[in-house]
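Reviewing the structure listed below.
Residue numbers (our numbering), protein chains in the order written: chain A, 1023 to 1422; chain B, 2 to 495.
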């Protein structure tokens, strides 16, 4: 294909990507498909026991092409690559200090693969398509922090490219590295069938291969080890973990499998899903958390569970979603206005009739009380509670 | 309770009256350390004095006035009834036991008229309530969401109004609820009575209906001037707790489930000179710490939480409404207990706030209620008992005299029949207050200030119509009643 022809294809793919990512209500799966164009994500999620669905074919197909065509995806499809190529032409003094450093992308891939074996794909979130996808969730953002969070990935990539040329694409990008590794594997297989060449060349190649295999083994082992640590940390934190959107898998796996792609935040019509600013620790940074300050999880909606590309949020039917326990609500009688102004807002708001006034003989008074067996933590009560920042009724995490 | 049980067992009125009088004095006698004391202020010999009961001597009581309609109780129900009756041409007398008119709406410091709009923002309660707010408005003595915002579900608006008062936005939409000024309301009511030509007696406790068989003929009231009688063609009980019912031989119910709002008394007070701006800033920045403080004050026996006044030039005033469970809201022992407890806890609360909550450093208690916030007492058994089922089936009565909106989306409107104001087996008497004929749940939902004004307005209009046309209260032309209510600005179906 000519350079010009390739350019047309790239621009076309970029436009197609934009179209997929724009907020068309009839195109719910658009962003989910888009993310699965990344072989890194597709293979990572499959390895980690996340999602396999029709969309996975896309990532697997590109992976198959990568076996025979070196970085074909980067050169023809990748919309992030196109954006970065565009800005790398700007007239900043580009330093190429990194030229002699090794390509760390491969190790990211190995670490992730190692982690994925234990259900915790460490760096799956470093995928460029996830970054771009997240940038498009900016129109679902509520507040400055969410805007910054959704744009952060792309901004970092742009800055990196503007100051250091194609450092990202050539050395770091795990999607690129995945293709490199696939291509290496492909040529290795092809070479098996080819007749042997000169002795000296063979020894050199063998030496390299041994070194490469050792490094690969070490990286995978390191991935296994660190994911084990990460999961232990997640488990230890799970008591004070923030509320997750419905369908979320166990907290210790969630922070690893979540791509920070922003799909759930953007899908939520109530805008109650926000990027985490540190509630769930460093490992959970920017992962989705649910807050019921202004609105609640509607009982006629399961959008967030349907758009997650990695399976961090399991796909749930509406009925399943309404049974999924986000947390449990409880009333703090010290803050409740029932005693002060006859407020019964939470009682009226609960879609499951889980809140009733109950009489406490010992205290000789009555108070709104939540029946935990009926509560799924949808947050309707918390959203409607008129106590401002205090919130007399709050949904909190429950132990499984 | 005991009284109602006996009433149900079908005693004659005379026996009933005798018994209840005796029971009434028992409490007083025991309260005074077991000594029997004569209750009558009139000269005359008491007979059969014993340690437990006394029998009062028969006596003659001065008739101080003869009228068409006598209304006992000058609270929201009584105001509606007296104004409507007088404006419809009846010679009307109003008897009020405190030194002011307005009842819970003024002396009880329940200075909130909630939800006059339905969930869609359409006004359903108007009439005298609307007149009241309109005239307060002229002095800047009322605060409520702007009319164009009623029914709005805009999140920012809802949040704004909810922060101002939980009554302004219930659930997820803005509604028409007003904070009102108690003192200006007192002044306003006396003007309104004067304009309508209602003869008002303050400081007068209407105690007994004058009965002839099952016909009410007037009312006896006690005051500094002694015991006097007002004769009238129609007696309207607007005492709130249905104080006349036991003596009229009317059946009534008293059971209120403990989990209901109306099972609680309230001891309301105001704190002035609060720096609310400072408080709000603190609350925003230190929600967790403030919550901890609120838990602490509750442990000490105080109450957390308050409403802001919102009224003009009352930017530093907050309203507190602590709530007290009780055995009965018309038992003098309980009323005294709660009154004392309320004052004690008011000090605990304020002391704590002053010491520990930013914004309250220079605050002071400016006012406490002159009458306890009563929410539920006797409920008359009327010609029709309105039940929860009527609400759920959205029964539209032919004799609907008021529409009550409800924040509950499933049962947004409640229609009130005229028959729920007429005590069963009693003639010439109407009940126009929270003692209207209803089950505990309906009473709990619809016995607030504006509901009582509505019931009063209908009762007063009906009484005047009955007298004018010479027809019994039960047989009046309902169409004509509804037409004249509509003329008075009452919103009715159709």
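A virtual CB, placed ideally from N, CA and C, is assigned to each residue, including glycine.
Just so it is clear, the structure is predicted and the values come from calculations on it, not from any experiment.
- For the pair residue 251 of chain B and residue 312 of chain B, the Cα-to-Cα distance works out to about 42 angstroms.
- DSSP, reduced to helix, strand and coil, places residue 1156 of chain A within a helical segment of the structure shown.
- Closest by C-alpha distance to residue 442 of chain B, out of B:430, B:412 and B:474, is B:412.
- Rounded to the nearest whole angstrom, the C-alpha separation of residue 1124 of chain A and residue 1244 of chain A is 18 angstroms.
- When beta bridges are read from the DSSP output, residue 93 of chain B appears opposite B:70.
- Proximity of chain A to residue 448 of chain B at the Cβ level (cut-off 8 angstroms) is not reached, the minimal Cβ distance being about 12 angstroms.
- Nearest to residue 148 of chain B by alpha-carbon distance, out of B:178, B:285, B:130 and B:197, is B:178.
- Residue 483 of chain B sits buried, since 16 or more C-beta atoms from the chains shown fall within 10 Å of its C-beta.
- Taking a C-beta cut-off of 7 angstroms against chain A, the contacting residues of the segment 298 to 312 of chain B are 299, 304, 305, 306, 307 and 308, listed in chain order.
- Under the three-state reduction of DSSP output, residue 428 of chain B falls in the strand class.
- In the DSSP annotation of this structure, the continuous segment of the beta strand (DSSP E) that includes residue 1296 of chain A starts and ends at 1295 to 1297.
- Listed in chain order, the beta strand (DSSP E) runs fully inside the segment 226 to 294 of chain B are 227 to 238, 265 to 267 and 270 to 273, counting runs of at least 3 residues.
- In the DSSP assignment, the residues bridged to residue 213 of chain B are B:216.
- The beta-carbon separation of residue 285 of chain B and residue 1411 of chain A, rounded to 6 angstroms, stays under the 8 angstroms limit for a contact.
- Taking the beta carbon of residue 291 of chain B as reference, the chain A residues within 7 angstroms of it are 1412, listed in sequence order.
- For residue 63 of chain B, no Cβ of chain A is located within less than 8 angstroms of the residue's own Cβ.
- Scanning chain A for C-beta atoms nearer than 7 angstroms to the C-beta of residue 322 of chain B yields 1362 and 1363, reported in chain order.
- If you look at residue 1387 of chain A, you'll find it in the beta strand (DSSP E) that goes 1387 to 1392.
- In this structure, DSSP gives residue 1127 of chain A a helical state, which the three-state scheme calls helix.
- For residue 321 of chain B, the beta-bridge partners assigned by DSSP are B:270.
- Straight-line spacing of the CA atoms in residue 1036 of chain A and residue 1264 of chain A works out to 36 angstroms.
- In chain order, 1186 place their CB closer than 8 angstroms to the CB of residue 1119 of chain A, counting only its own chain and leaving out the 5 sequence neighbours on each side.
- Pairwise C-beta distances place the segment 171 to 186 of chain B out of contact with the segment 296 to 306 of chain B, as fewer than three of them are shorter than 8 angstroms.
- For the segment 1299 to 1323 of chain A, the beta-carbon criterion of a distance under 8 angstroms to any beta-carbon of chain B is satisfied by 1316 and 1317.
- By the Cβ neighbour-count rule, residue 209 of chain B is buried, with 16 or more other Cβ atoms within 10 Å of its own.
- The contact set of residue 409 of chain B on chain A, defined by CB atoms closer than 7 angstroms, consists of 1370 in chain order.
- Taking a contact to require three or more Cβ pairs closer than 8 angstroms, the segment 457 to 470 of chain B and the segment 68 to 85 of chain B qualify as touching.
- According to DSSP, residue pairing for residue 124 of chain B in a beta bridge involves B:118.
- Contact check for residue 319 of chain B and residue 367 of chain B: beta-carbon distance about 10 angstroms, past the 8 angstroms limit, so the pair fails to qualify.
- Residues of the segment 354 to 375 of chain B with a C-beta less than 8 angstroms from any C-beta of chain A: none at all.
- Within chain B, the residues whose beta carbon sits less than 8 angstroms from that of residue 1406 of chain A are 172 and 173, listed in sequence order.
- The continuous stretches of beta strand (DSSP E) do not include residue 349 of chain B, which lies in the alpha helix (DSSP H) extending over residues 333 to 357.
- Under the Cβ criterion (8 angstroms, minimum of three pairs), the segment 55 to 75 of chain B does not count as touching the segment 154 to 166 of chain B.
- The beta carbon of residue 1110 of chain A sits closer than 8 angstroms to the beta carbons of 1116, 1183, 1184, 1187 and 1188 from its chain, once the five residues preceding and following it are set aside; these are given in chain order.
- Residue pairing from DSSP places residue 181 of chain B in a beta bridge opposite B:143.
- Within chain A, the residues placing a beta-carbon under 8 angstroms from that of residue 260 of chain B are 1378, 1379, 1380, 1381 and 1388, ordered along the chain.
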